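Peer 1:
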Amino acid sequence: MPAPSQTSTAPAATAPTGRRPARRRSVRPGSRAGYAYIAPFFAVFAAFSIYPWLDTAWVSLHSVRLTTYDQQTWVGFGNYRNLFSNSFFWNALRNTVSIGIISTVPQLCLALGVAHLLNYRLRGRTFFRVAMLMPYATSLAAATVIFLELFDADLGIVNWALHLLHLPQPDWQGSKWPSQVAISAIVTWRWTGYNALIYLAGMQAIDSGLYEAAAIDGASRWQQFRYVTLPGLRPTILFTIVVSTIGAAQLFGEPLLYHNGIPNGGTDGQYQTLGLLMYQQGWTNDRLGLAAATAWTMFAIIVLAVLTNLLLARRHERRSGVPVAPLVAPAALEGTR
Amino acid sequence: MTSTAPRTLATGGTPQPADRAPAPTSPRTAKAVRGKPMDAGPLSYLVLVVVTLVSVFPLYYTIVMASHTNAEMAARTPPLLPNGSLFSNIDKALELAPLNKGLINSLIVASCVTLGTVTFCTLAGFAFAKLRFRGRNLLLGLCIGTMMVPTQMGIIPLYMLMAKFGFANHLQAVILPTLVTAFGVFFLRQYIASAVPDELIEAGYVDGAGTFRIFRSIVVPAARPAMSVLAMLTFLTAWNDFFWPLIALSSQNPTVQVSFQSLATGYAPEQSIIMAGTLYGTVPALVVFALLGRQIVGGIMQGAVKG
Numbered sequence: 002m003p004a005p006s007q008t009s010t011a012p013a014a015t016a017p018t019g020r021r022p023a024r025r026r027s028v029r030p031g032s033r034a035g036y037a038y039i040a041p042f043f044a045v046f047a048a049f050s051i052y053p054w055l056d057t058a059w060v061s062l063h064s065v066r067l068t069t070y071d072q073q074t075w076v077g078f079g080n081y082r083n084l085f086s087n088s089f090f091w092n093a094l095r096n097t098v099s100i101g102i103i104s105t106v107p108q109l110c111l112a113l114g115v116a117h118l119l120n121y122r123l124r125g126r127t128f129f130r131v132a133m134l135m136p137y138a139t140s141l142a143a144a145t146v147i148f149l150e151l152f153d154a155d156l157g158i159v160n161w162a163l164h165l166l167h168l169p170q171p172d173w174q175g176s177k178w179p180s181q182v183a184i185s186a187i188v189t190w191r192w193t194g195y196n197a198l199i200y201l202a203g204m205q206a207i208d209s210g211l212y213e214a215a216a217i218d219g220a221s222r223w224q225q226f227r228y229v230t231l232p233g234l235r236p237t238i239l240f241t242i243v244v245s246t247i248g249a250a251q252l253f254g255e256p257l258l259y260h261n262g263i264p265n266g267g268t269d270g271q272y273q274t275l276g277l278l279m280y281q282q283g284w285t286n287d288r289l290g291l292a293a294a295t296a297w298t299m300f301a302i303i304v305l306a307v308l309t310n311l312l313l314a315r316r317h318e319r320r321s322g323v324p325v326a327p328l329v330a331p332a333a334l335e336g337t338r
Numbered sequence: 676m677t678s679t680a681p682r683t684l685a686t687g688g689t690p691q692p693a694d695r696a697p698a699p700t701s702p703r704t705a706k707a708v709r710g711k712p713m714d715a716g717p718l719s720y721l722v723l724v725v726v727t728l729v730s731v732f733p734l735y736y737t738i739v740m741a742s743h744t745n746a747e748m749a750a751r752t753p754p755l756l757p758n759g760s761l762f763s764n765i766d767k768a769l770e771l772a773p774l775n776k777g778l779i780n781s782l783i784v785a786s787c788v789t790l791g792t793v794t795f796c797t798l799a800g801f802a803f804a805k806l807r808f809r810g811r812n813l814l815l816g817l818c819i820g821t822m823m824v825p826t827q828m829g830i831i832p833l834y835m836l837m838a839k840f841g842f843a844n845h846l847q848a849v850i851l852p853t854l855v856t857a858f859g860v861f862f863l864r865q866y867i868a869s870a871v872p873d874e875l876i877e878a879g880y881v882d883g884a885g886t887f888r889i890f891r892s893i894v895v896p897a898a899r900p901a902m903s904v905l906a907m908l909t910f911l912t913a914w915n916d917f918f919w920p921l922i923a924l925s926s927q928n929p930t931v932q933v934s935f936q937s938l939a940t941g942y943a944p945e946q947s948i949i950m951a952g953t954l955y956g957t958v959p960a961l962v963v964f965a966l967l968g969r970q971i972v973g974g975i976m977q978g979a980v981k982g
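Each protein sequence line maps, in turn, to chains A and B.
Just so you know, the first sequence maps onto residues 2 to 338 in my numbering.
Just so you know, the second sequence maps onto residues 676 to 982 in my numbering.
Below, the structure written as structure tokens:
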């Protein structure tokens, strides 16, 4: 591979500084090589990710049908106006937010507690870790089909257990909040163990000297958790919040399969989400322009939510003096697809 | 980050005497201080066992439901132990939905996606970690930023693109778009940046090796642990993927996840048969997971710290 300094103009300006830097540069691979190595990735990425995203923006400004995709009629921001004046959209947005909160807040708190326990010296710790990750290995399709039976209003084991305990047995499909809780239970079931492992990894990276120092200062276990573990985990916690927010915003498969594959989010849309609404608009109602507008609105909402998270974290950091590391720990393999 | 935590404590706690001698005050306190990975108490075990049971119970109960007839499941007291109707239920489920075809398709899709992702992402991760080129940081930042983009943003043009290529209802339609992930690039960049010393690469150039030779003989062997982690996670994600395969494939040529849907929306949705089919389609993944569970756990934890 040819030395890059011959082709690039930058080295010429710095060349007079002496032999050593010039020689050093000559053993370094240059700009051409770098592009060759990222080219395969970016070729696929551009063709099947970036192009579709941009084209979706274009489609969102048109009236388009599935069967006559090439005949696009310009409507400007009509689809967006249509969307924002549509009660289905606001219903789906409200449900996405409420299911998002019910499914992520308890999940992350639970994961934090479980990770704390897993961090103790423990018999059979590998067993516990693997067992708690079983739900993650179960697909969302299988998990939803299974939970649908568990939560069946008449025959499900959940209501049978509630009956034994003389507790009210809600209609987990028909009523609004029970159905949202049931869907959140699927999400929580699948992702708690995974997030617990992320937290556990973060906990094990905390300098054990800090715990020793805290113990010398007479800190109780709870104080150690509060003043050593939590501050040390702050970047990890921020990361999991961001990833969960992104996942919750595009919730799709669970509400679809929870109504046997009908994309209306329950008979009254009681668990209709934005991700599912977009699918319904495009593939059931054949209004691709409107669906594309929904998709871009979802993206805007995600960006807003993530920026809010980061801003809150930065504010907290300024007040408490604990820096939040830049967001660099994406262990989530966009697993919410 | 590391220095602030004790400071918070020190200000609120007791002032540290300057005469704290190196000799421990008593063996008991010294032990309490040293034993940082504290032993779990019985209560901790209890909580962990409960969480484990909750994690496993739905899968166990799937076996219970799949091994009874529908009439038995409708009894006033639902059964809690497996029964004998499992195989006849699976047979009925296989008539209802093309589960075997789905399993084979899923295997093909997940294998191709894993191979492509690991190859392309290792190449790009190496370039971002060790090669200098103009716009490197910008491109990497762009790559990371795209993790925020929801699946929904791409599916309409993708669907049209695949129809135009004649790939609709073919496995290529599912494989091609998922062949690379931004996460994979980022993950391998982080790993290679820390696991491969610059000196080693420079030495390679001094010895007259080309960039690809260095990639093959130095970087790939060093990055192998990260590549296998990425491979396992990618395979699992591709195997479990639902949204895009649902749109791209027909119910006659589905992945196993898509075939679950035709199972649940069939003509006579019988609980036991649905469960038998779901179990049948899920067991292969769970068996692989049971075999590789320890490595997958390690991989996820490694992925969390490496970043």
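Glycine residues also receive a C-beta, built at the ideal position from the N, C-alpha and C atoms.
Quantities reported herein were computed from a predicted structural model and do not represent experimental measurements.
#1: List, in order along the chain, the chain A residues whose C-beta lies closer than 8 Å to that of B/C796?
#2: Counting only runs that start and end within the region 904-969 of chain B, where is the alpha helix (DSSP H) found for 4 or more residues in a row?
#3: Taking the alpha-carbon positions, what's the A/A294 to B/P852 distance?
#4: Among the residues of its own chain, which have a CB less than 7 Å from the CB of B/P697, if the five just before and after it don't count?
#5: Helix, strand or coil: how does DSSP classify A/H117 here?
#6: Please list, in chain order, all residues of the same chain as A/F42 whose beta carbon is under 8 Å from its beta carbon, the five residues on each side excluded.
#7: Just the chain A side, please: which residues come within less than 7 Å of B/N1021 by C-beta, in chain order?
#8: Strictly by DSSP, which residues pair up with A/W75?
#9: Listed from N- to C-terminal order along the chain, which residues in the region 294-309 of chain A have their beta-carbon within a distance smaller than 8 Å of any beta-carbon of chain B?
#10: Smallest Cα separation from B/V894: which of B/L875, B/L967, B/R811, B/M740?
#11: So, with DSSP's three-state summary, where would you put A/D155?
#12: Could you spell out where the alpha helix (DSSP H) holding A/T189 opens and where it closes?
#13: Given a threshold of 16 other Cβ atoms within 10 Å of its Cβ, counted over all protein chains shown, does B/Y866 qualify as buried or as exposed?
#14: Determine the closest residue to B/N812 out of B/G974, B/V904, B/L761, B/R864, with distance taken between C-alpha atoms.
#15: What do you reckon, is the C-beta of B/T930 under 6 Å from a heavy atom of the ligand NAP?
#16: By the three-class DSSP mapping on this structure, what secondary structure does A/R122 have?
#17: Kindly confirm or deny that the region 173-189 of chain A and the region 210-221 of chain A touch, where touching means at least three C-beta pairs closer than 8 Å.
#18: Could you pull the start and end residues of the alpha helix (DSSP H) that B/N758 belongs to?
#19: Return the CA-CA distance between A/M204 and A/V115, expressed in angstroms with no decimal places.
#20: My assumption, with CB atoms under 8 Å, is that B/S937 sits in contact with B/A772. Please give the rounded CB distance.
#21: Hey, how far is the Cα of A/G157 from the Cα of A/S99?
#22: Out of A/N120, A/W161, A/L291, A/A112, which one is the CA nearest neighbour of B/M748?
#23: Output yes or no for whether 7 Å exceeds the beta carbon distance between B/T727 and A/A132.
#24: Let me know the secondary structure DSSP gives A/D56 once reduced to three states.
#25: Given a cut-off of 7 Å on the beta-carbon distance, is the pair A/L201 and A/L119 in contact?
#26: Please tell me whether A/Y137 and A/Y195 are closer than 7 Å, where the distance is taken between their beta carbons.
#27: Between which two residues does the alpha helix (DSSP H) containing B/L806 stretch?
#28: Measuring alpha carbon to alpha carbon, tell me which of A/S86, A/V106, A/I147, A/L277 ends up nearest B/A951.
#29: Taking only the alpha-carbon atoms, compute the straight-line gap between B/T625 and B/L954 and give it to the nearest angstrom.
#30: What is the residue span of the alpha helix (DSSP H) that B/G879 lies within?
#31: Using a C-beta to C-beta distance shorter than 7 Å, which residues of chain A count as neighbours of B/T940?
#32: In this structure, how does DSSP classify A/D218 when only helix, strand and coil are distinguished?
#33: If we count Cβ pairs, one from each stretch, closer than 8 Å, do we get three or more for the region 75-87 of chain A versus the region 247-257 of chain A?
#34: Name the residue from A/L84, A/T246, A/R95, A/G35 whose alpha carbon lies nearest to the alpha carbon of A/R288.
#35: Restricting to Cα atoms, I'd like to know which of A/T285, A/G267, A/V106 is closest to A/D172.
#36: Could you work out which residue in A/Q273, A/A250, A/G290, A/R315 is closest to A/Q174 when comparing CA atoms only?
Peer 2: Let me spell this out:
#1: Within the second sequence, numbered from 1, the residue matching residue 796 of chain B stands at position 121. Those within 8 Å of B/C796 in chain A are F42.
#2: Those alpha helix (DSSP H) runs which fall completely within the region 904-969 of chain B and span 4+ residues are 918-923, 931-939.
#3: Against the first sequence, residue 294 of chain A aligns to sequence position 293. Against the second sequence, residue 852 of chain B aligns to sequence position 177. Each residue's Cα considered, the two are about 22 Å apart.
#4: Taking the first residue of the second sequence as position 1, residue 697 of chain B is located at position 22. Unreliable placement is indicated for B/P697, whose pLDDT of 42 sits below 50; the coordinate value is still reported in the next sentence. Contacts found: none.
#5: Numbered from 1 along the first sequence, position 116 holds the residue referred to as residue 117 of chain A. Looking at A/H117 - three-state DSSP - the assignment turns out to be helix.
#6: Counting from 1 along the first sequence, the entry for residue 42 of chain A is found at position 41. Only residues of its own chain outside the window of five on either side were considered, and among them none has a CB closer than 8 Å to the CB of A/F42.
#7: Any property of residue 1021 of chain B remains undetermined from this structure, which presents chain B solely from 676 to 982.
#8: Here the question's residue 75 of chain A lines up with position 74 in the first sequence. Looking at the DSSP assignment, A/W75 forms a beta bridge with A/H63.
#9: Sequence-ordered contacts of the region 294-309 of chain A with chain B read T295, A296, W297, M299, F300, I303, V304, V307 [C-beta pairs closer than 8 Å].
#10: The count along the second sequence starts at 1 and reaches residue 894 of chain B at position 219. The shortest C-alpha separation from B/V894 is found at B/L875.
#11: Here residue 155 of chain A refers to the residue found at position 154 when the first sequence is read from its first residue. A/D155: coil per DSSP, three-state reduction.
#12: Here residue 189 of chain A refers to the residue found at position 188 when the first sequence is read from its first residue. Counting along the chain, the alpha helix (DSSP H) containing A/T189 begins and ends at 177-205.
#13: If you number the second sequence from 1, residue 866 of chain B lands on position 191. The C-beta of B/Y866 has 16 or more other C-beta atoms within 10 Å across all chains shown, which makes the residue buried.
#14: Numbered from its first residue, the second sequence carries residue 812 of chain B at position 137. Here the closest residue by C-alpha is B/R864.
#15: Because no ligand of any kind appears in the structure shown, any question about the ligand NAP cannot be addressed here.
#16: Locating residue 122 of chain A in the first sequence gives position 121, counting from the first residue. Strand.
#17: Because the criterion of three Cβ pairs below 8 Å is not met, the region 173-189 of chain A and the region 210-221 of chain A do not touch.
#18: Looking up residue 758 of chain B in the second sequence gives position 83. Where B/N758 is concerned, there is no enclosing alpha helix (DSSP H), given that its DSSP letter is neither H nor E.
#19: Along the first sequence, read from residue 1 onward, the residue named residue 204 of chain A stands at position 203. Along the first sequence, read from residue 1 onward, the residue named residue 115 of chain A stands at position 114. For A/M204 and A/V115, the distance between alpha carbons rounds to 12 Å.
#20: In the second sequence, the residue the question calls residue 937 of chain B occupies position 262. In the second sequence, the residue the question calls residue 772 of chain B occupies position 97. Their Cβ separation, rounded to whole angstroms, is 5 Å, which keeps B/S937 and B/A772 in contact under 8 Å.
#21: For the purposes of this step, residue 157 of chain A is taken as the residue at position 156 of the first sequence. For the purposes of this step, residue 99 of chain A is taken as the residue at position 98 of the first sequence. Going by the C-alpha atoms only, they are around 24 Å apart.
#22: For this step, residue 748 of chain B is matched to residue 73 along the second sequence. Per the Cα distances, A/W161.
#23: Counting from 1 along the second sequence, the entry for residue 727 of chain B is found at position 52. Counting from 1 along the first sequence, the entry for residue 132 of chain A is found at position 131. Yes, Cβ-Cβ distance for B/T727 and A/A132 is below 7 Å.
#24: Within the first sequence, residue 56 of chain A is the residue found at index 55, counting from 1. Here A/D56 sits in helix by DSSP.
#25: Looking up residue 201 of chain A in the first sequence gives position 200. Looking up residue 119 of chain A in the first sequence gives position 118. For the 7 Å CB-CB criterion, A/L201 and A/L119 form a contact.
#26: Numbered from 1 along the first sequence, position 136 holds the residue referred to as residue 137 of chain A. Numbered from 1 along the first sequence, position 194 holds the residue referred to as residue 195 of chain A. Contact flag set, yes.
#27: Here residue 806 of chain B refers to the residue found at position 131 of the second sequence. First-last for B/L806: undefined, no H or E at that position.
#28: By 1-based counting over the second sequence, the position of residue 951 of chain B is 276. Per the Cα distances, A/I147.
#29: Given that chain B is displayed from residue 676 to residue 982, the structure contains no residue 625 of chain B and the question cannot be resolved.
#30: In the second sequence, residue 879 of chain B corresponds to position 204, counting from 1. Unbroken alpha helix (DSSP H) run through B/G879: 873-881.
#31: Locating residue 940 of chain B in the second sequence gives position 265, counting from the first residue. Going along chain A in sequence order, the residues near B/T940 (Cβ under 7 Å) are N261, G262.
#32: Your numbering for residue 218 of chain A matches position 217 in the first sequence. It is coil, neither helix nor strand.
#33: no
#34: Here the question's residue 288 of chain A lines up with position 287 in the first sequence. The candidate whose alpha carbon is nearest that of A/R288 is A/L84.
#35: One-based indexing of the first sequence puts residue 172 of chain A at position 171. Nearest of A/T285, A/G267, A/V106 to A/D172, Cα basis: A/G267.
#36: Here residue 174 of chain A refers to the residue found at position 173 of the first sequence. For A/Q174, the closest alpha carbon among the candidates A/Q273, A/A250, A/G290, A/R315 is that of A/Q273.
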